[in-house]
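In terms of my numbering, the sequence shown is residues 42 to 97.
For every residue, glycine included, the Cβ atom is placed at its ideal position computed from N, Cα and C.
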Amino acid sequence: TGHLKVHKKDNHSRRGLLKIISKRRRLLNYLGKSNPKDYLDITKSLKITSQLRSAE
Numbered sequence: 042t043g044h045l046k047v048h049k050k051d052n053h054s055r056r057g058l059l060k061i062i063s064k065r066r067r068l069l070n071y072l073g074k075s076n077p078k079d080y081l082d083i084t085k086s087l088k089i090t091s092q093l094r095s096a097e
C-alpha cells in the first residue's frame, strides 16, 4: 500500500494488513474448495491470481 511505501518501519500497520490479507486468502481457499465456479468469478472480479490448483 501507499502508506507502507512511505512509512517503511510502521510494523503495526504491516501486521494488520497481513492479518487482513491472510483472512482473505483463507476464505478464498475455502470458497475454492466448496464452490470453484464462484471462486473463479470472484478472483477475476478482484483481479487477483488464482492460488488453487483444483479451480484452474
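- DSSP, reduced to helix, strand and coil, places SER91 outside both helices and strands of the structure shown, so it counts as coil.
- TYR71 has its alpha-carbon roughly 16 angstroms from the corresponding atom of THR90.
- Taking the Cα positions, ASN52 is about 16 angstroms away from SER63.
- The stretch 48-87 contains no complete beta strand (DSSP E) run of 3 or more residues.
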